[in-house]
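All remarks here apply to the structure that follows.
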Amino acid sequence: MEDNKIVQLYLDRDENAIAETKAKYENYCFSISYSVLHDQQDCEETLNDTYLAVWNAIPPHHPLNLATFIGKICRNLSLNKWRYLSAEKRGGDRVTLSFDELEGCIGEDRRFRESLEEKALTETINEFLAGLKENERNVFVCRYWYFDPVEDIAKRFSYSSSKTKMMLKRTRDKLRDYLIKEGVIL
Amino acid sequence: MKAEKLIRAINDIDDKYIEEAHAEKRRFSLPKISFSWNTFGKLAAAACALLLVINLFPVLFHSFNRKGSSAGGSYMASDSAYPGSYNGSYYAQEAMEAPAEAEYYVSDEEAKVDAASQGNANARQGKKLILTSYMTMETQNMDELLEKISSLIAKYGGYVQRSSIYNKTSDRRTYDSSIRIPAANYEAFLAELKGEGNALSYSEEVKDITDSYADIEARLSSLRAQEAKVMEFYDKAEDLQDLITVESRLSDIRYQIEAYEAQIKNYDLLVSYSTLNLTVNETKVYTPVSPSFLQRLGSSFSEGFSDFCDSIGDFIVDFVYNIWTILFLILLGFVGYRLYKRFRSRKK
């Protein structure tokens, strides 16, 4: 079913909307969730939470791009779940590694501006991404939005792992410089 | 954690960037070709080696065959050395009307026929024999030999039924023809032809059609007698019905007579003209008639080198001719290799 018809089902409060969403986006959401959680059961729980969240979000929201709308919700819920599950233990999973990389990007001696809102930070990141080359941007998004392992990204783009790591490092450095320049981090 | 704020902010980046990256993820199943000179070089070398082997193989094979034939001497009576048809860059076919019939039928007592021997015209007396022979020659000057063959054919009243020239290279040509010579002149023609070049092999096939010829003649004679008898009835016929019946029978008889006469005529033509299937190869060095070991060694070396040079030339020409195919195969192999590598790495 087309996205606009599925959205219309949500707006009409038709319960078939969830079935249609599941049929179309289950694999997509599962891949996002699994990148964060690495556990099938946790992923399935997160997916059910995602469908419920989407049901509650539409309306009032009327997404133009249903795939990314659901993907963002799923990613957020997966991160929440990951935060809850990793409260006691700290392992070397993908999300932790991504966090560590970005932590290093900001620097130990720097901090975000106190008054900065998350929306403003997102806008700054959008501007930064717009200035990147397409392949750099895709590699960055694959790594820090989808939490893909470096090896998978390297294969996908036919790069070596070291080249991919170097590209990510340079992009993080550029991001840090950009955030400093924009006064986002002090 | 500072990074968490960043990660949460990244969550809400523009949809287009998420979609763009997702589209790239979807393309994961399709191979992304990255150019590697190393792999390209390996595949190109493999293609060249294959082409070289294909080109050199006939040379080695020819060399092996040539040694076998030279060991048997210059004449191989029972050897069917006729090389068959040629596919060449130049093909000329000539066909001439057969001249007036030349009778070669001697009703004498039975004689033995030795297919391999020469000068056996007397032995063939009393028989209706169709002679077909195969001869392979080599020459150092193809144009001169062809002129001499033409003059010999004219001299002995023969004609060329079919001829073709295969231009392998400008100095390595092959002439292939089917020559028809009056049977009475065949032995003289052959003797003179052999003196013009280096004859490598010769074989004869003699088909004895005496019995079937006599049988047809007997049937013809019987039919003619029947025809005369029916003509008598025709003259005596009084009513129309008899006339029609007799005419119908007469028509049948005459049809059969014509068929048998055509067959007799064809037999006469085949018997009266012997067929020589001649192949002439142009060469730089003649194959020795009774070579000693050293001669064979020297001949093999010089011919081998000559063939090798030709093969290299052929290889270059073939390579240029097949360049697009080779490039396509290299591309195909390259894609296959990358796919295999990707499949293997994914499996791991």
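Here the protein sequences line up with chains A and G, keeping their order. Going by my numbering, the first residue of the first sequence is number 92, and it counts up by one from there. Going by my numbering, the first residue of the second sequence is number 509, and it counts up by one from there. Even glycine gets a Cβ: it sits at the ideal position worked out from N, Cα and C. Fair warning: this is a prediction, and the values are worked out from it, not measured in the lab.
Considering Cα atoms alone, identify which of the options is closest to residue i.
| i | options | result |
| --- | --- | --- |
| R846 (chain G) | G:H530, G:D822, G:R680 and G:N546 | G:N546 |
| S641 (chain G) | G:G806, G:S720, G:S709 and G:T783 | G:T783 |
| I824 (chain G) | G:A557, G:K524 and G:I526 | G:A557 |
| D684 (chain G) | G:C817, G:M643, G:T753 and G:E740 | G:M643 |
| N302 (chain A) | A:T141, A:L220, A:D191 and A:G274 | Limits of chain A in this structure are 92 at one end and 277 at the other, which puts residue 302 (chain A) out of reach. |
| S189 (chain A) | A:D239, A:S177, A:T215 and A:L212 | A:D239 |
| D268 (chain A) | A:C134, A:E192, A:F219 and A:K254 | A:F219 |
| L660 (chain G) | G:F741, G:R680, G:K702 and G:I673 | G:K702 |
| E700 (chain G) | G:L551, G:K663, G:F801 and G:S720 | G:K663 |
| S672 (chain G) | G:F741, G:D723, G:Y710 and G:T787 | G:T787 |
| N774 (chain G) | G:L551, G:S807 and G:S720 | G:S720 |
| D776 (chain G) | G:A722, G:L802 and G:S800 | G:A722 |
| V714 (chain G) | G:S808, G:A531 and G:Y781 | G:Y781 |
| I893 (chain G) | A:A148, A:I276 and A:A221 | What the structure shows of chain G is the stretch from 509 to 856, and residue 893 (chain G) is not part of that stretch, so it cannot be assessed. |
| D130 (chain A) | A:S252, A:V275 and A:S177 | A:S177 |
| D275 (chain A) | A:R261, A:N95, A:K260 and A:I216 | Per the sequence presented here, residue 275 (chain A) reads as Val, with Asp not at that position. Out of A:R261, A:N95, A:K260 and A:I216, A:I216 has the C-alpha closest to the C-alpha of V275 (chain A). |
On the CB-based measure, 16 or more other CB atoms within 10 Å of its CB, does residue i come out buried or exposed?
| i | result |
| --- | --- |
| R174 (chain A) | exposed |
| A600 (chain G) | In this predicted model, A600 (chain G) has a pLDDT of only 35, less than 50, meaning its place in the structure is not dependable; the value taken from the coordinates is given anyway. Burial call: exposed. |
| E746 (chain G) | exposed |
| F836 (chain G) | exposed |
| H153 (chain A) | exposed |
| Y829 (chain G) | exposed |
| W236 (chain A) | buried |
| E766 (chain G) | exposed |
| G580 (chain G) | With a pLDDT of only 36 at G580 (chain G), under 50, the local geometry of the prediction cannot be trusted, and the value read off the model is given with reservation. The residue in question, G580 (chain G), is exposed, as its Cβ has fewer than 16 Cβ neighbours within 10 Å. |
| N785 (chain G) | buried |
| M258 (chain A) | buried |
| F697 (chain G) | buried |
| Y848 (chain G) | exposed |
| R104 (chain A) | exposed |
| I831 (chain G) | exposed |
| C196 (chain A) | buried |
| G666 (chain G) | buried |
| T112 (chain A) | buried |
| E93 (chain A) | exposed |
| A529 (chain G) | buried |
| K533 (chain G) | buried |
| V561 (chain G) | exposed |
| I834 (chain G) | buried |
| L212 (chain A) | buried |
| L270 (chain A) | buried |
| D921 (chain G) | This structure gives no information on residue 921 (chain G), because the portion of chain G shown stretches from 509 to 856. |
Is residue j closer than 8 Å to residue i when the C-beta atoms are compared?
| i | j | result |
| --- | --- | --- |
| L143 (chain A) | S169 (chain A) | no |
| E209 (chain A) | K513 (chain G) | yes |
| L639 (chain G) | E725 (chain G) | no |
| A158 (chain A) | Y116 (chain A) | yes |
| S124 (chain A) | C165 (chain A) | yes |
| I717 (chain G) | K792 (chain G) | no |
| I109 (chain A) | W146 (chain A) | yes |
| G107 (chain A) | D523 (chain G) | Gly is not the amino acid found at residue 107 (chain A); the sequence shown has Asn there. Taking 8 Å as the Cβ cut-off, N107 (chain A) and D523 (chain G) do not qualify as a contacting pair. |
| V779 (chain G) | I761 (chain G) | no |
| A555 (chain G) | I838 (chain G) | yes |
| T137 (chain A) | K163 (chain A) | no |
| L559 (chain G) | F816 (chain G) | no |
Can you tell me the Cβ-Cβ gap for residue i and residue j, rounded? I've got them flagged as a contact below 8 Å.
| i | j | result |
| --- | --- | --- |
| E704 (chain G) | K656 (chain G) | 5 Å |
| N706 (chain G) | E646 (chain G) | 5 Å |
| Y681 (chain G) | M650 (chain G) | Note that residue 681 (chain G) is Arg in the sequence shown here, rather than Tyr. That pair is a contact at about 5 Å. |
| E769 (chain G) | L728 (chain G) | 7 Å |
| I161 (chain A) | C120 (chain A) | 6 Å |
| A256 (chain A) | V241 (chain A) | Reading off the sequence shown, one finds Lys at residue 256 (chain A), where the question assumed Ala. Indeed they touch by this definition, with Cβ atoms about 6 Å apart. |
| R263 (chain A) | E214 (chain A) | Contact flag wrong, Cβ pair sits at about 19 Å. |
| F842 (chain G) | L551 (chain G) | 6 Å |
| query | Given 8 Å as the limit, is there contact between the region 727-744 of chain G and the region 685-700 of chain G, that is, 3 or more CB pairs closer than that? | reply | no
| field | Stretch pair the region 230-243 of chain A + the region 513-523 of chain G: three plus CB contacts closer than 8 Å | value | yes
| query | Do three or more CB pairs link the region 242-253 of chain A to the region 211-231 of chain A at distances below 8 Å? | reply | yes
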